[in-house]
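Novice: Below: one structure in structure tokens.
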Amino acid sequence: MKELDLVALQEAFDRKLKNEIRIEPKDWMPDAYRKTLIRQISQHAHSEIVGMLPEGNWITRAPNLRRKAVLLAKVQDEAGHGQYLYSAMETLGFSREQSIDDLHSGKAKYSSIFNYPTLTWADMGAVGWLVDGAAIMNQVPLCRTSYGPYARAMVRVCKEESFHQRQGYEIMCTLMKGTEAQKAMAQDALNRFWWPSLMMFGPSDAESTHTQQSIDWKIKRHTNDELRQMFVNASVPQAELIGLTIPDPDLKWNEARGEYDFGAIDWEEFKQVVSGNGPCNAERIAARVKAKENGMWVREAAMAHAEKKKIKKAS
Ligand SMILES: [Fe+2]
Ligand SMILES: [Fe+2]
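Under my numbering, the first residue of the sequence shown carries the number -1, and numbering increases by one thereafter.
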């Protein structure tokens, strides 16, 4: 391509960003923008799919039929989110097959939170309330992200996330109105999920290598630390309302800032989990690889059927 054309294309791209016009799949875009989106959207898709595992683990053990139906619906929603997102990623010219292979080989990442185990029923409450709550903080601004297919996928995803957050908080509310053992179980779930939930927003702004460029491209609308602070501000009153204690001795309301101050995050733990050494990393990937292998015959049968139909039509 002539240099002059490239300058004009870049200018048109910049103009769209400036005027809040969405970038669409057939539009010209800088290679680095495309690469960043492929990385972010595939990471997001993988998180939805791997995220089904810790909750799927409790479907057969839900305490009653209503809880089972709600949890089942929630986990199915996550599968749908994964599908929208893989489709959005494919519009950037990256294949789903490759993306899934990258997940299985450990090349692609997914949210660190899903590498923690879900040990009790209260974990379904803590995960819905905190993990889906953190996902909402992250994803609501993504409804305005600059890449059209990603932004549009987020609109429905966010509506469903809001249901997920409420079903989790409702489990916590019910447990906190129950017996001493139920209250202790809810508190224990909060103790285990609070810090990993804060880590979901990613490294601090000072450490985050991609943030500024992503903000300039209007892929991201807030920094990791801004989103983390919004999440703390929203979650602390919810915990207090039902008698739960946030496991952070340094947490206190800062009158001058009008926000909560909170304690230091254990970034060493985060690094370990992201680099594959969390409590469940190997188990999660093994489950996904097994699912792919078990589903192979379905895909082969569907392909053979499509082939047969094509031949029939041609003859
Ligand atoms: Fe989701
Ligand atoms: Fe969700």
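All residues carry an ideal CB built from backbone N, CA and C; glycine is no exception.
Below 8 Å between beta carbons: does that hold for L90 and I36?
Specialist: Reading the sequence shown from its first residue, position 92 is the one you call residue 90. Reading the sequence shown from its first residue, position 38 is the one you call residue 36. Contact flag set, yes.
Novice: For P194 and I111, which I take to be in contact (beta-carbon distance under 8 Å), what is that distance rounded to the nearest angstrom?
Specialist: To locate residue 194, count along the sequence shown from 1; it is residue 196. To locate residue 111, count along the sequence shown from 1; it is residue 113. Contact holds; Cβ gap of about 5 Å.
Novice: Quick check on DSSP: helix, strand or coil for W251?
Specialist: Locating residue 251 in the sequence shown gives position 253, counting from the first residue. W251: strand per DSSP, three-state reduction.
Novice: Out of D130, L188, A86, point me to the one whose CA is closest to T118's CA.
Specialist: Translated into positions along the sequence shown, residue 118 becomes position 120. Of D130, L188, A86, the residue nearest in Cα terms is L188.
Novice: Pairing CB atoms from the region 241 to 254 with CB atoms from the region 29 to 48, are three or more of them under 8 Å?
Specialist: Counting Cβ pairs under 8 Å, fewer than three are found: no touch.
Novice: With DSSP as the reference, identify every bridge partner of I21, one or two as the case may be.
Specialist: As a first step, residue 21 is located in the sequence shown; it is residue number 23 there, counting from the start. Answer is Y145, bridged to I21.
Novice: Under the rule that 16 or more other beta-carbon atoms within 10 Å means buried, what is G293, buried or exposed?
Specialist: As a first step, residue 293 is located in the sequence shown; it is residue number 295 there, counting from the start. Per the 10 Å Cβ criterion, exposed.
Novice: Determine the contact status of A132 and F268, defining contact as a CB-CB distance below 8 Å.
Specialist: Position 134 of the sequence shown, counted from the first residue, corresponds to residue 132. Position 270 of the sequence shown, counted from the first residue, corresponds to residue 268. No. Outside cutoff.
Novice: Suppose the cutoff is 6 Å on Cβ atoms and the five residues either side in sequence are ignored; what does the same chain contact list for Y84 look like?
Specialist: Here residue 84 is taken as the residue at index 86 of the sequence shown, counted from 1. Excluding positions up to five away in sequence, the list reads A43, R94.
Novice: If you draw a straight line from the alpha carbon of F191 to that of G123, how long is it in whole angstroms?
Specialist: In the sequence shown, residue 191 corresponds to position 193, counting from 1. In the sequence shown, residue 123 corresponds to position 125, counting from 1. C-alpha separation (whole angstroms): 10 Å.
Novice: Express the C-alpha separation of I57 and L180 in angstroms, rounding to a whole number.
Specialist: Here residue 180 refers to the residue found at position 182 of the sequence shown. Here residue 57 refers to the residue found at position 59 of the sequence shown. Per the sequence shown, the amino acid found at residue 180 is Gln instead of Leu. Straight-line Cα distance between these residues: approximately 19 Å.
Novice: Could you spell out the range, first to last residue, of the alpha helix (DSSP H) harbouring D121?
Specialist: As a working note, residue 121 is residue 123 in the sequence shown. Element bounds for D121: 120 to 124.
Novice: For G80 and I47, what's the separation of their Cα atoms in angstroms?
Specialist: As a position in the sequence shown, residue 80 is number 82, starting the count at 1. As a position in the sequence shown, residue 47 is number 49, starting the count at 1. Distance between the alpha carbons of G80 and I47 is about 6 Å.
Novice: Return helix, strand or coil for D259, following the three-state DSSP convention.
Specialist: Indexing the sequence shown from 1 puts residue 259 at position 261. Strand, per DSSP.
Novice: Which one of K288, L101, V287, N231 has the shortest CA to CA distance from F260?
Specialist: Stepping through the sequence shown from its first residue, residue 260 is reached at position 262. F260 has its Cα closest to that of N231, out of K288, L101, V287, N231.
Novice: Does ligand 1 have a heavy atom nearer than 7 Å to the CB of A133?
Specialist: Locating residue 133 in the sequence shown gives position 135, counting from the first residue. A133: yes, Cβ under 7 Å from ligand 1.
Novice: Cβ of T116 within 8 Å of Cβ of E168?
Specialist: Position 118 of the sequence shown, counting from 1, holds the residue named residue 116. Position 170 of the sequence shown, counting from 1, holds the residue named residue 168. No, Cβ-Cβ distance for T116 and E168 is not below 8 Å.
Novice: Do you know offhand how far F92's Cα is from S212's?
Specialist: Taking the first residue of the sequence shown as position 1, residue 92 is located at position 94. Taking the first residue of the sequence shown as position 1, residue 212 is located at position 214. Looking at the two C-alpha atoms, the distance is approximately 19 Å.
Novice: Rounded to the nearest angstrom, what separates A300 and A285 at their Cα positions?
Specialist: In the sequence shown, counting from the first residue as 1, residue 300 sits at position 302. In the sequence shown, counting from the first residue as 1, residue 285 sits at position 287. So the alpha carbons of these two residues sit roughly 23 Å apart.
Novice: Could you tell me if the beta carbon of M76 falls within a distance shorter than 7 Å of some heavy atom in ligand 1?
Specialist: Start at 1 with the first residue of the sequence shown, and residue 76 comes out as number 78. What sits at residue 76 in the sequence shown is Glu, not Met. Flag set: Cβ of E76 near ligand 1.
Novice: Confirm the yes/no value for this check: CB of H79, any heavy atom of ligand 1, distance under 7 Å.
Specialist: Taking the first residue of the sequence shown as position 1, residue 79 is located at position 81. H79 Cβ: within cutoff of ligand 1.
Novice: How many angstroms separate the CA atom of A280 from the CA atom of W215?
Specialist: Counting from one through the sequence shown, the residue named residue 280 turns up at place 282. Counting from one through the sequence shown, the residue named residue 215 turns up at place 217. Roughly 35 Å between the two C-alpha positions.
Novice: Rounded to a whole number of angstroms, what is the C-alpha to C-alpha distance between Q227 and D12?
Specialist: For the purposes of this step, residue 227 is taken as residue 229 along the sequence shown, with counting starting at 1. For the purposes of this step, residue 12 is taken as residue 14 along the sequence shown, with counting starting at 1. One C-alpha to the other measures close to 30 Å.
Novice: Could you work out which residue in S144, Y145, G166, D130 is closest to C156 when comparing CA atoms only?
Specialist: The residue you call residue 156 lines up with position 158 of the sequence shown. The shortest C-alpha separation from C156 is found at D130.
Novice: Any chance you could list the residues with Cβ under 5 Å from a heavy atom of ligand 2, keeping chain order?
Specialist: Output, sorted by chain position: D130, E159, H162.
Novice: For E53, verify whether its CB is less than 7 Å away from any heavy atom of ligand 1.
Specialist: Against the sequence shown, residue 53 aligns to sequence position 55. No, the beta carbon of E53 sits no closer than 7 Å to any heavy atom of ligand 1.
Novice: Can the beta-carbon of G166 be found less than 8 Å from the beta-carbon of S109?
Specialist: Counting from one through the sequence shown, the residue named residue 166 turns up at place 168. Counting from one through the sequence shown, the residue named residue 109 turns up at place 111. No, these two residues do not count as a Cβ contact at 8 Å.
Novice: How close, in whole Å, do the beta carbons of R142 and R219 come, if the pair is a contact with beta carbons under 8 Å?
Specialist: Sequence index remark: in the sequence shown, residue 142 carries index 144 (1-based). Sequence index remark: in the sequence shown, residue 219 carries index 221 (1-based). Going by Cβ atoms, the distance from R142 to R219 rounds to 6 Å, so yes, they are a contact pair.
Novice: CA-CA distance, K308 and E18?
Specialist: Within the sequence shown, the letter at position 310 stands for residue 308. Within the sequence shown, the letter at position 20 stands for residue 18. Rounded to the nearest angstrom, the two C-alpha atoms are 44 Å apart.
Novice: Tell me whether L63 sits in a helix, a strand or coil according to DSSP, three-state version.
Specialist: As a first step, residue 63 is located in the sequence shown; it is residue number 65 there, counting from the start. Residue state, collapsed to three classes: helix.
Novice: Rounding to the nearest angstrom, what Cα-Cα distance links P277 and D186 in this structure?
Specialist: For the purposes of this step, residue 277 is taken as residue 279 along the sequence shown, with counting starting at 1. For the purposes of this step, residue 186 is taken as residue 188 along the sequence shown, with counting starting at 1. Cα to Cα, the separation comes out at about 17 Å.
Novice: What would DSSP say about V138, mapped onto helix, strand or coil?
Specialist: Locating residue 138 in the sequence shown gives position 140, where the first residue counts as 1. Coil, per DSSP.
Novice: What did DSSP end up calling K107 once you bin it into helix, strand or coil?
Specialist: On the sequence shown, position 109 is the one that residue 107 refers to. It is coil, neither helix nor strand.
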